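Here the protein sequences line up with chains A and B, keeping their order. Number 229 marks the last residue of the first sequence (the UniProt record's numbering); no jumps. Number 229 marks the last residue of the second sequence (the UniProt record's numbering); no jumps. We put the CB at the ideal spot given by N, CA and C, even for glycine. All figures in this text were calculated on a predicted structure; none of them were measured in a lab. Worksheet: the structure to be examined is printed underneath.
Number of protein chains: 2
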Amino acid sequence: MAEVQLLSLWASPFVMRAEVALVLKGVEYEKVPQDLASKSELLLTSNPVYKKVPVLLHNGKSVCESSIIAQYVDEAFPAPKDGVDLLPSDAYGKAMARFWADYIDKKVFDGVFALLKSAWKSEEEKKAAFENLLSTMQTLEFGLAEIGGEGPFFSGGSMGLVDVMLVPMLAWLPPIEEAAGLQIPFAERFPRLEAWFAACKGHDVASVLPSSTKLSEFITQAILPKYSS
Amino acid sequence: MAEVQLLSLWASPFVMRAEVALVLKGVEYEKVPQDLASKSELLLTSNPVYKKVPVLLHNGKSVCESSIIAQYVDEAFPAPKDGVDLLPSDAYGKAMARFWADYIDKKVFDGVFALLKSAWKSEEEKKAAFENLLSTMQTLEFGLAEIGGEGPFFSGGSMGLVDVMLVPMLAWLPPIEEAAGLQIPFAERFPRLEAWFAACKGHDVASVLPSSTKLSEFITQAILPKYSS
């Protein structure tokens with residue numbers, strides 16, 4: 001058994017966060033794919049509270065919830081050679097990173113997936129979901145300016161906790177915009193976020209994310225039937 | 001101006017968390033009461049994202065969100081004389097504390113305030129809210145056994161982050177049970193949580209919480225008119 005295992009599902013944005021945190025810290029790990037339609041004994045015993053992925057197993061001990069996993073990975077493993085930690089070393093920098101990580105968890109993901117759910121609803125509902133998401137992105141643009149310094153990432157020149165929380169959007173946002181037939185005007189309204197997406201696309205971690213094409217097919221085949229009925 | 005200020009509201013359970021964290025770490029602070037009906041410039045500029053209390057101001061820098069404030073207080077100030085930090089020193093202990101702190105934030109508070117909201121609804125809705133809360137308390141009892149060791153607190157013999165997150169229930173739960181006309185059978189079903197409440201009542205921090213009698217009047221005068229119409 002590998003020292004570090006990650007109970008995973010390929011399409012889960014929460015699993016992507018855990019995986020990107022592991023890659024950024026240079027931790028070797030083994031992915032253990034799960035089937036949520038038939039939950040494994042390992043999943044049920046290692047995450048008895050939520051029974052969801054991701055679960056990180058480190059020497060048999062389990063850690064659940066993506067933002068808690070990312071912080072655990074940061075604290076349990078040393079910074080990689082020529083690399084940096086995911087959280088700043090000072091208390092105030094840590095608090096700011098946790099604040100924006102939490103904002104992404106609470107508002108951005110809900111906003112993006114609300115747009116997806118609205119894709120098969122009335123034009124009015126879709127417009128409301130889109131306007132709400134634009135307002136959330138406006139706040140996030142402010143957050144990136146507040147803590148990102150000269151950028152391009154939320155922790156400046158290298159990816160940190162906040163970037164880890166947001167990076168699954170690299171894979172998920174394009175197919176959701178496609179499904180809704182609406183595009184967030186990053187270039188016009190959120191230039192720092194646009195530069196953030198570009199920098200993530202050019203980063204090594206982009207290779208651990210699934211392709212937007214595959215997620216687009218997943219939306220059509222697995223999600224559309226749920227919401228369009 | 002005091003080095004540490006806390007923008008506060010006397011009845012807010014979130015403010016109580018921040019205040020208890022400060023007291024546990026032995027940090028001197030000044031409370032700056034806020035009026036949410038007419039938000040101060042200080043509140044709007046120090047918490048532009050949520051415009052809510054609590055906000056901790058430390059040498060003019062602001063930290064928002066109760067669990068982030070508690071962790072900041074823990075990291076920014078040394079452990080008090082003869083006292084301990086709010087989070088364990090090891091990465092796994094930190095992850096476990098954050099997991100249960102997050103569970104309380106996401107599930108326990110929602111469950112308790114859902115019971116309050118149900119107090120003026122049908123018997124059926126009230127019963128559903130109560131059953132849901134019992135199930136949440138069952139999970140919390142499991143959590144206390146998982147990380148609390150010999151107790152009585154979630155971090156063993158002294159209060160830590162998880163205790164800070166839950167402690168406002170000491171003040172809020174009795175008047176909510178009274179409003180709903182239902183009592184959680186702690187002694188019969190959740191003996192560790194019952195011992196936790198008893199230990200908190202005997203702890204110094206109990207003195208910074210408002211009395212349940214005062215909260216009961218607040219429920220009747222300020223909350224009941226909102227929900228019973």
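In terms of alpha-carbon separation, which member of the options lies closest to residue i?
{"i": "Phe-130(A)", "options": "Glu-19(A), Gly-181(A), Met-159(A) and Val-164(A)", "result": "Gly-181(A)"}
{"i": "Ala-97(A)", "options": "Pro-48(A), Cys-64(A), Phe-153(A) and Lys-117(A)", "result": "Phe-153(A)"}
{"i": "Phe-218(B)", "options": "Gln-71(B), Phe-186(B), Pro-175(B) and Val-15(B)", "result": "Pro-175(B)"}
{"i": "Lys-107(A)", "options": "Lys-81(A), Leu-134(A) and Tyr-92(A)", "result": "Leu-134(A)"}
{"i": "Ile-223(B)", "options": "Gly-151(B), Tyr-103(B), Leu-86(B) and Leu-115(B)", "result": "Leu-115(B)"}
{"i": "Lys-94(B)", "options": "Ala-195(B), Gln-5(B), Pro-78(B) and Ser-155(B)", "result": "Ser-155(B)"}
{"i": "Val-164(B)", "options": "Leu-173(B), Tyr-227(B), Thr-136(B) and Ile-69(B)", "result": "Ile-69(B)"}
{"i": "Thr-220(A)", "options": "Leu-193(A), Ala-179(A), Glu-194(A) and Lys-201(A)", "result": "Ala-179(A)"}
{"i": "Leu-161(A)", "options": "Val-32(A), Lys-31(A) and Val-73(A)", "result": "Val-73(A)"}
{"i": "Ala-199(A)", "options": "Arg-189(A), Ser-158(A) and Leu-215(A)", "result": "Ser-158(A)"}
{"i": "Asp-105(A)", "options": "Asp-204(A), Glu-28(A), Met-137(A) and Gly-60(A)", "result": "Met-137(A)"}
{"i": "Tyr-50(A)", "options": "Phe-77(B), Trp-100(B) and Val-55(B)", "result": "Trp-100(B)"}
{"i": "Asn-132(A)", "options": "Phe-197(A), Gly-111(A), Asp-90(A) and Lys-117(A)", "result": "Gly-111(A)"}
{"i": "Tyr-29(B)", "options": "Gly-60(B), Phe-186(B) and Lys-39(B)", "result": "Gly-60(B)"}
{"i": "Ala-2(A)", "options": "Leu-9(A), Val-32(A) and Leu-24(A)", "result": "Val-32(A)"}
{"i": "Gln-34(A)", "options": "Trp-10(A), Pro-48(A) and Leu-24(A)", "result": "Trp-10(A)"}
{"i": "Trp-196(B)", "options": "Phe-109(B), Gly-143(B), Val-84(B) and Lys-52(B)", "result": "Gly-143(B)"}
{"i": "residue 258(A)", "options": "Asp-90(B), Lys-127(B), Gly-83(B) and Ala-76(B)", "result": "As displayed, chain A neither begins before 1 nor continues past 229, which places residue 258(A) out of reach and without an answer."}
{"i": "Thr-213(B)", "options": "Leu-173(B), Leu-24(B) and Val-53(B)", "result": "Leu-173(B)"}
{"i": "Gln-71(A)", "options": "Lys-126(A), Ser-38(A) and Leu-86(A)", "result": "Leu-86(A)"}
{"i": "Pro-185(A)", "options": "Ser-62(A), Glu-141(A), Ile-147(A) and Pro-54(A)", "result": "Glu-141(A)"}
{"i": "Lys-226(B)", "options": "Ser-216(B), Lys-126(B) and Lys-117(B)", "result": "Lys-117(B)"}
{"i": "Gly-83(B)", "options": "His-203(B), Gln-5(B), Gly-148(B) and Leu-24(B)", "result": "Leu-24(B)"}
What are the boundary residues of the beta strand (DSSP E) that includes residue i?
{"i": "Glu-30(B)", "result": "30-33"}
{"i": "Lys-61(B)", "result": "61-64"}
{"i": "Leu-224(A)", "result": "From DSSP, Leu-224(A) is part of no beta strand (DSSP E) but of the alpha helix (DSSP H) over 224-227."}
{"i": "Ser-8(A)", "result": "4-8"}
{"i": "Val-55(A)", "result": "55-58"}
Can you confirm whether residue i, when its beta carbon is compared against all beta carbons of chain C, has any partner nearer than 9 Å?
{"i": "Gly-26(B)", "result": "Of the chains in the structure shown, none is chain C; the protein chains are A and B."}
Do we get a CB-CB distance below 9 Å when we pair residue i with the residues of chain B?
{"i": "Tyr-72(A)", "result": "yes"}
{"i": "Pro-210(A)", "result": "no"}
{"i": "Phe-154(A)", "result": "no"}
{"i": "Tyr-92(A)", "result": "yes"}
{"i": "Gly-143(A)", "result": "yes"}
{"i": "Arg-98(A)", "result": "yes"}
{"i": "Val-63(A)", "result": "yes"}
{"i": "Glu-75(A)", "result": "yes"}
{"i": "Pro-48(A)", "result": "yes"}
Checking contacts by CB at 9 Å: is residue i closer than that to chain A?
{"i": "Asp-102(B)", "result": "yes"}
{"i": "His-58(B)", "result": "yes"}
{"i": "Thr-139(B)", "result": "yes"}
{"i": "Ile-68(B)", "result": "yes"}
{"i": "Ala-95(B)", "result": "yes"}
For residue i, verify whether its CB is less than 8 Å away from any heavy atom of the ligand ZN.
{"i": "Trp-172(B)", "result": "Among the ligands in the structure shown, none appear at all, so the ligand ZN cannot be discussed."}
Span of the alpha helix (DSSP H) holding residue i?
{"i": "Val-164(A)", "result": "161-166"}
{"i": "Leu-209(B)", "result": "No alpha helix (DSSP H) holds Leu-209(B); DSSP gives it neither H nor E."}
{"i": "Pro-174(A)", "result": "169-180"}
{"i": "Asp-110(B)", "result": "109-118"}
{"i": "Leu-24(B)", "result": "13-24"}
{"i": "Tyr-103(A)", "result": "91-103"}
{"i": "Ser-135(B)", "result": "123-147"}
{"i": "Pro-191(B)", "result": "191-201"}
{"i": "Thr-45(B)", "result": "41-46"}
So residue i and residue j are in contact, right, with Cβ under 8 Å, and what is the actual spacing, rounded?
{"i": "Leu-57(B)", "j": "Ser-46(B)", "result": "6 Å"}
{"i": "Gly-151(A)", "j": "Arg-189(A)", "result": "Gly-151(A) to Arg-189(A), Cβ: 17 Å. No contact."}
{"i": "Leu-7(B)", "j": "Leu-44(B)", "result": "Going by Cβ atoms, the distance from Leu-7(B) to Leu-44(B) rounds to 11 Å, so no, they are not a contact pair."}
{"i": "Gly-26(B)", "j": "Pro-80(B)", "result": "3 Å"}
{"i": "Glu-194(A)", "j": "Ala-187(A)", "result": "5 Å"}
- Inspect the CB distances between the segment 166-178 of chain A and the segment 121-130 of chain A and report whether three or more fall short of 8 Å. No, because fewer than three Cβ pairs between the segment 166-178 of chain A and the segment 121-130 of chain A fall closer than 8 Å, the two stretches do not touch.
- Message: Could you check whether the segment 202-217 of chain A touches the segment 14-23 of chain A, counting it as contact only if at least three pairs of C-beta atoms, one from each stretch, sit closer than 8 Å?
- Response: Touching, per the Cβ criterion.
- Do the segment 5-19 of chain A and the segment 62-78 of chain A touch if we need at least three Cβ pairs shorter than 8 Å? Because the criterion of three Cβ pairs below 8 Å is met, the segment 5-19 of chain A and the segment 62-78 of chain A touch.
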